[in-house]
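In the working numbering, the protein residues as written are 1375 to 1599.
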């Protein structure tokens, strides 16, 4: 049903840490390569992928293989779960039929090893940033990869979805739209989409992600394009 369990946070290394957050690659390996190169140039030594890696684009296998080779935390997105589930019935709706056809083609490109990697994705990833602060990563919301966190989502709803988790920084994807928002003492960040960004009803020719810097001197969150 998309609901997400809890887990204890794993610590980041001591000192200043630079962490890249990215989401919604959707089978676009060209964009993924640009993001990883830019993140490395920005000093990132750690990263978390917030889900939806392969489905919807021309290079599903290449994206999975590249991320598997890198190693690192992988969050399960709704499109990842759909690839692992039974194939949906063919659509006769001219609006949705192309998406079903792309999804069916994506499935033909996945080997047993690709599927095993997808099955290893975690519903949430929690990281200790230092000083007792916690970064909680999800795809849609802390309780479901199908829910959305937007600029207008009520703060009370976000608190309820957290279910008592502290989550000083809450990172989510799913909407394909970058967002940086204060929620009381908490910060919500959405890095946007690597492979399928949205802008005014179109997909612009850029890739989006975010950088989190955390150290004894303070913290910074940067949205990058």
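By construction, the Cβ of each residue, glycine as well, lies at the ideal position given by its N, Cα and C atoms. Values in this document were obtained by computation on a predicted structure and should not be read as measured data.
6 Å Cβ shell around residue i - same chain, five flanking residues per side excluded
i: residue 1592; result: none
i: residue 1413; result: 1394
i: residue 1452; result: 1519, 1520
i: residue 1391; result: 1588
i: residue 1563; result: 1545, 1554, 1584, 1595
Cut-off 8 Å between Cβ atoms - residues of its own chain near residue i, not counting five sequence neighbours on either side
i: residue 1493; result: 1458
Reduced DSSP category for residue i - H, G, I as helix; E, B as strand; rest coil
i: residue 1421; result: strand
i: residue 1512; result: coil
i: residue 1412; result: helix
i: residue 1428; result: coil
i: residue 1442; result: helix
i: residue 1434; result: helix
i: residue 1551; result: coil
i: residue 1459; result: coil
Distance between residue j and residue i (C-alpha atoms, nearest Å)
i: residue 1485; j: residue 1441; result: 15 Å
i: residue 1379; j: residue 1496; result: At residue 1379 the pLDDT is 43, less than 50, meaning the model places this residue with poor confidence and gives no usable figure here.
i: residue 1425; j: residue 1498; result: 10 Å
i: residue 1595; j: residue 1464; result: 42 Å
i: residue 1398; j: residue 1547; result: 7 Å
i: residue 1422; j: residue 1407; result: 15 Å
i: residue 1553; j: residue 1438; result: 26 Å
i: residue 1433; j: residue 1540; result: 37 Å
i: residue 1488; j: residue 1530; result: 39 Å
i: residue 1516; j: residue 1536; result: 6 Å
i: residue 1576; j: residue 1490; result: 33 Å
Per DSSP, the bridge partner or partners of residue i
i: residue 1561; result: 1543, 1556
i: residue 1596; result: 1585
i: residue 1504; result: 1507
i: residue 1394; result: 1421, 1585
i: residue 1576; result: 1573
i: residue 1465; result: Partner(s): none; residue 1465 has no beta bridge.
i: residue 1449; result: 1496
The alpha helix (DSSP H) enclosing residue i, as first and last residue numbers
i: residue 1482; result: 1471–1482
i: residue 1523; result: Counting along the chain, residue 1523 falls outside any alpha helix (DSSP H), and DSSP gives it neither H nor E.
i: residue 1568; result: Where residue 1568 is concerned, there is no enclosing alpha helix (DSSP H), given that its DSSP letter is neither H nor E.
i: residue 1532; result: 1529–1536
Close beta carbons around residue i, own chain, < 7 Å, minus the five adjacent residues each side
i: residue 1481; result: 1457, 1461
i: residue 1431; result: 1400, 1401, 1402, 1569
i: residue 1476; result: 1430
i: residue 1525; result: 1553, 1555
i: residue 1417; result: 1392
Cutoff 8 Å: residue i Cβ touching any chain D Cβ
i: residue 1408; result: Here there is only one protein chain, and chain D is not present.
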